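The structure under discussion appears below in the form of structure tokens.
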Amino acid sequence: MRGYLVLNWPPGQPGDLAGTLKDALLADGWRVAYEAFCLLALVRGARPPPVQALPGQCGVAVGRLHDTEASLAGQPAAFDLSLLSGLEAGDGATLLSRCAWGAYVALFTARDRAPTVFRDPLGGLECVTWSVGPVTLVGDDPPVCGPAAPPGLAIDWERVGDLLADIALISAQPCLTGIRQVGAGQLWSCADGGRRAVWTPGDHAWRSGGVDVEEAQERLARCVDGCVRTLAVGRRAIVAEVSGGFDSSLVALHLARAKAPIAALTNLHWPHAAGDERDYARAVADRIGQPLTSVARGDLRFDPADFELRGQALRPPFSAQDAEYDRDMAGRLSALQADALFTGHGGDVVFYQMPEAALARDLVGGGACLVGRARGLGVLAQRLRSNVGLVLIEAFGPRGRRPPGLAAPRYLTRRTARTAHPWLADLKGVGGAKRVQIRALVNTLMMQGDSRRGDVAEVVNPLLSQPLVELCLSLPASLLAIGDHDRPLARAAFADMLPAALRTRRGKGDVTAVFARSLAASADLLRPWLLQGRLVEQGLVDPARLAPMLEPDELIWRDHTGEIMRAVVVEAWVRTWAARLAGEGQGAAVAPAPLGAGAS
128 MRGYLVLNWP PGQPGDLAGT LKDALLADGW RVAYEAFCLL ALVRGARPPP VQALPGQCGV
188 AVGRLHDTEA SLAGQPAAFD LSLLSGLEAG DGATLLSRCA WGAYVALFTA RDRAPTVFRD
248 PLGGLECVTW SVGPVTLVGD DPPVCGPAAP PGLAIDWERV GDLLADIALI SAQPCLTGIR
308 QVGAGQLWSC ADGGRRAVWT PGDHAWRSGG VDVEEAQERL ARCVDGCVRT LAVGRRAIVA
368 EVSGGFDSSL VALHLARAKA PIAALTNLHW PHAAGDERDY ARAVADRIGQ PLTSVARGDL
428 RFDPADFELR GQALRPPFSA QDAEYDRDMA GRLSALQADA LFTGHGGDVV FYQMPEAALA
488 RDLVGGGACL VGRARGLGVL AQRLRSNVGL VLIEAFGPRG RRPPGLAAPR YLTRRTARTA
548 HPWLADLKGV GGAKRVQIRA LVNTLMMQGD SRRGDVAEVV NPLLSQPLVE LCLSLPASLL
608 AIGDHDRPLA RAAFADMLPA ALRTRRGKGD VTAVFARSLA ASADLLRPWL LQGRLVEQGL
668 VDPARLAPML EPDELIWRDH TGEIMRAVVV EAWVRTWAAR LAGEGQGAAV APAPLGAGAS
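In the numbering used here, the protein residues as written are 128 to 727.
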């Protein structure tokens, strides 16, 4: 669901410029979705988001807005936009954040000033804004040339350096000048660039207090059911991923309960024990009563050309790292004429799969736990392969209070970002375990970007729905995470639904070794491409540090997969954008390189 562009301009002479822009955009394949006084909404592509007028012709809503209360009651309904009638933009945004959910952007117009824009709290719909003279444009895919292109559109190398140092910034401001992002949950004034965080995960994070465990289980069960049921409404044919893990199985089982039109249940398996979860996936398929389509996988091939093909979106294509899977799934979706791919992505975060020492601090501080405080500390220490004493020392030390994020890659010339992700910048009063969950939420959003499968069908991640994210953030991390199995609260909430094999399963599949081995086998392709690439040229990557990390033995035995893939995906993106901008006659449109740039 992408491909929208909204234009707004003041009354009078600016309408002439707006008419010129409209003609150029229509000639470029855009089509009119809505038109009103000083307002034009355009869409393009096979699956553009729906566009609706706000009450009183005071703006538009782009995307799908669901009624939160109706979803939680198991009776999905669209949010009633008439409730926004008479509200100022700020009040309207607050109402939407509390009573609606989905992937959407709301644009509020006023006769005497530029529009104000609110983006949904989880950032499900991309949103950037720019101006051409007095005309304000808001969309998800700005043109790179023509009269509607953002003035000064260029690669921002400083931001590229920030992203390499802190991958959490993938969902923050794009690495381009000339455009401004409307952040997830933010209200943005196009008149003066003022922004206000209407929604942040920190606002919903548990801080202290008791919890009724039975009530928490019931709320969790209702929330997952309501979100999956709502997202399945109106679908023609759904393909559901069933990896064999807990999260994707839960989504598939709820789709079946909702009597959604499931066209296929798909599973990928590798020829080694940790990568073959077919027995668990079959148990889910048997419970649903549909056959399982299982696809055999081998080692991957990381070809730079595959990444460059997906690099035209506003952000680097981390969601398309496995090009073979992406192509195969796109083909299956097309053959089945499916309009949605449902996944379990995000379940690790909301149900808190991560074993963290900071959880011990919550336990000692009175956080609920399904197995009791003393036993919970022992279980946590066992998962961390440590002992209770050492876990407590870490939990009450600096790392327990403010757990660090992923370390910056060693090959960078600058290993510290100039800024933090907005959701992580101000977490006053939020404990260490909840900080871990919020950082994981930020990181997981990078996998919602551009992909081939997303070109064919909507990729739907129900476990990252706003109502569920809010609920799980509001519960003690110790309750979510510590028990006889990982995700104990979720397992208890859905015990009657899950096949026995999944309900009692310990651990999860792991294909880390496959990725490391595949990266090593692709090193001959990647080495010259990276070492002679744009990131080295701009002084962001030190080739002397990177080269040894690209040796096959080093890749296999030390597992630099995450660090190397970060460089690969970002390198592909900057090459693609440099070519796009130069190819459109704008020259080598890049912002000035960082101070001190140059290979060292």
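Just so it is clear, CB atoms sit at the ideal spot from N, CA and C, and this is done for glycine as well. Note that the coordinates shown come from a computational prediction; the quantities given were computed from them, not determined experimentally.
Straight-line CA distance for Ser733 to Leu419? Lying before the first or after the last residue shown, residue 733 is absent from the chain, which here runs from 128 to 727.
Terminal residues of the continuous beta strand (DSSP E) containing Ala671? For the purposes of this step, residue 671 is taken as the residue at position 544 of the sequence shown. Per DSSP, Ala671 lies in no beta strand (DSSP E); the unbroken alpha helix (DSSP H) holding it starts and ends at 670-676.
On the DSSP bridge list, what partners appear for Phe469? Position 342 of the sequence shown holds residue 469. Beta-bridge pairing links Phe469 to Ala367, Val587.
Would the region 290-297 and the region 540-559 be scored as touching if the rule is three or more Cβ pairs under 8 Å? By the Cβ test, the region 290-297 is in contact with the region 540-559, since at least three Cβ pairs between them sit closer than 8 Å.
Taking the runs of the beta strand (DSSP E) that are 3 residues or longer, which of them lie wholly in the region 389-440? Unbroken beta strand (DSSP E) runs of no fewer than 3 residues, entirely contained in the region 389-440, are found at 389-396, 419-423, following chain order.
Under 8 Å, with one C-beta from each stretch per pair, do the region 231-245 and the region 172-192 reach the 3-pair mark? Yes, they touch.
Under three-state DSSP, which class holds Trp315? Residue mapping note: residue 315 aligns to position 188 of the sequence shown, counting from 1. Trp315 carries a strand assignment under DSSP once its states are collapsed to helix, strand and coil.
With Gln179 as the anchor, note down where its beta strand (DSSP E) starts and where it stops. Position 52 of the sequence shown, counting from 1, holds the residue named residue 179. Counting along the chain, the beta strand (DSSP E) containing Gln179 begins and ends at 178-180.
Can Pro589 and Leu199 be called in contact, C-beta distance under 8 Å? Translated into positions along the sequence shown, residue 589 becomes position 462. Translated into positions along the sequence shown, residue 199 becomes position 72. Contact annotation: Pro589 and Leu199 have beta-carbon atoms that are not nearer than 8 Å.
Run through the region 201-272 for me and flag every whole beta strand (DSSP E) of 3 or more residues, listed as ranges in chain order. As far as the region 201-272 is concerned, its whole beta strand (DSSP E) runs of at least 3 residues are 231-237, 240-246, 255-259, 262-266.
My guess is that Cys317 and Pro242 are in contact by the Cβ rule of under 8 Å, so how many angstroms apart are they, rounded? Locating residue 317 in the sequence shown gives position 190, where the first residue counts as 1. Locating residue 242 in the sequence shown gives position 115, where the first residue counts as 1. For Cys317 against Pro242, the beta-carbon gap comes to about 5 Å, under 8 Å, which counts as contact.
Run through the DSSP bridge pairs and tell me what Asn135 is partnered with. The residue labelled residue 135 in the question sits at position 8 within the sequence shown. Bridge partners of Asn135: Leu166, Thr263.
Closer than 8 Å by C-beta to Gly689: which residues in its own chain qualify, once you throw out the five before and the five after it? Chain order, please. Numbered from its first residue, the sequence shown carries residue 689 at position 562. Contacts found: Leu533.
Three CB pairs or more closer than 8 Å across the region 353-373 and the region 602-611: The count of Cβ pairs closer than 8 Å, one atom from the region 353-373 and one from the region 602-611, stays below three, leaving the stretches out of contact.
Reduced DSSP secondary structure (H/G/I, E/B, other) of Asp155: For the purposes of this step, residue 155 is taken as residue 28 along the sequence shown, with counting starting at 1. Residue state, collapsed to three classes: coil.
Same chain, Cβ closer than 7 Å to Arg562, neighbours up to 5 away in sequence not counted: Position 435 of the sequence shown, counted from the start, is the residue given in the question as residue 562. Once the five neighbours on either side are set aside, the close Cβ partners of Arg562 are Arg529, Pro530, Leu554.
Expressed to the nearest angstrom, what Euclidean distance is found between the alpha-carbon atoms of Leu144 and Trp257? On the sequence shown, residue 144 is found 17 positions in, with the first residue counted as 1. On the sequence shown, residue 257 is found 130 positions in, with the first residue counted as 1. Taken atom to atom, the span from the alpha-carbon of Leu144 to that of Trp257 is near 15 Å.
His399, buried or exposed, once every other Cβ within 10 Å from all chains shown has been counted against 16: By one-based count along the sequence shown, residue 399 stands at place 272. It counts as exposed.
Under 8 Å between the Cβ atoms of Ile609 and Leu490? In the sequence shown, residue 609 corresponds to position 482, counting from 1. In the sequence shown, residue 490 corresponds to position 363, counting from 1. Their beta carbons are under 8 Å apart, which means Ile609 touches Leu490 by this criterion.
From Met574 to Gln140, what distance separates their C-alpha atoms? Here residue 574 refers to the residue found at position 447 of the sequence shown. Here residue 140 refers to the residue found at position 13 of the sequence shown. Their backbone Cα atoms lie some 43 Å apart in a straight line.
In whole angstroms, give me the CA-to-CA distance for Ala501 and His381. Counting from one through the sequence shown, the residue named residue 501 turns up at place 374. Counting from one through the sequence shown, the residue named residue 381 turns up at place 254. C-alpha separation (whole angstroms): 35 Å.
Beta-carbon within less than 6 Å of Leu264's beta-carbon, same chain only, minus the 5 sequence neighbours each way: which residues are those? On the sequence shown, position 137 is the one that residue 264 refers to. Around Leu264: Leu134, Trp257.
Let me know the secondary structure DSSP gives Gly516 once reduced to three states. One-based indexing of the sequence shown puts residue 516 at position 389. Three-state result, Gly516: helix.
Selection from Arg174, Phe164, Ala412 that minimises the alpha carbon distance to Arg158: Against the sequence shown, residue 158 aligns to sequence position 31. Answer by Cα proximity: Arg174.
For Arg529, three-class secondary structure by DSSP: Here the question's residue 529 lines up with position 402 in the sequence shown. Coil at Arg529, not helix or strand.
In angstroms with no decimal places, state the Cα-to-Cα distance between Ala627 and Asp218. Within the sequence shown, residue 627 is the residue found at index 500, counting from 1. Within the sequence shown, residue 218 is the residue found at index 91, counting from 1. About 48 Å.
Are Asp282 and Ala544 touching if we call contact CB-CB under 8 Å? For the purposes of this step, residue 282 is taken as residue 155 along the sequence shown, with counting starting at 1. For the purposes of this step, residue 544 is taken as residue 417 along the sequence shown, with counting starting at 1. It is worth fixing the name first, because residue 282 is Ile in this sequence and not Asp. For Ile282 and Ala544, no; Cβs fall outside 8 Å.
Cβ atoms of Pro301 and Leu568: under 8 Å apart, would you say? Your numbering for residue 568 matches position 441 in the sequence shown. Your numbering for residue 301 matches position 174 in the sequence shown. No, Cβ-Cβ distance for Leu568 and Pro301 is not below 8 Å.
According to DSSP, what are the bridge partners of Thr304? Along the sequence shown, read from residue 1 onward, the residue named residue 304 stands at position 177. Answer is Ala281.
Counting pairs of beta carbons, one from the region 658-667 and one from the region 438-455, are three or more of them closer than 8 Å? No: the two stretches stay apart, fewer than three of their Cβ pairs being nearer than 8 Å.
Residues bridged to Gly186 (per DSSP): Counting from one through the sequence shown, the residue named residue 186 turns up at place 59. In the DSSP output, where bridge partners are listed per residue, Gly186 has Phe235.
Coarse secondary structure for His193, derived from DSSP in three states: Residue mapping note: residue 193 aligns to position 66 of the sequence shown, counting from 1. Note: His193 maps to strand in three-state DSSP.
Own chain, CB closer than 7 Å to Leu598, minus 5 neighbours either side, in chain order: As a position in the sequence shown, residue 598 is number 471, starting the count at 1. Once the five neighbours on either side are set aside, the close Cβ partners of Leu598 are Arg346, Leu347, Cys350.
Whose CA, out of Gln308, Asp330, Tyr161, lies closest to the CA of Gly556? For the purposes of this step, residue 556 is taken as residue 429 along the sequence shown, with counting starting at 1. Here the closest residue by C-alpha is Asp330.
Using only CA atoms, which one of Arg246, Leu463, Ala385 lies nearest to Trp315? Locating residue 315 in the sequence shown gives position 188, counting from the first residue. Of Arg246, Leu463, Ala385, the residue nearest in Cα terms is Arg246.
Simplified DSSP state of Ala385, which is helix, strand or coil: Reading the sequence shown from its first residue, position 258 is the one you call residue 385. Three-state result, Ala385: coil.
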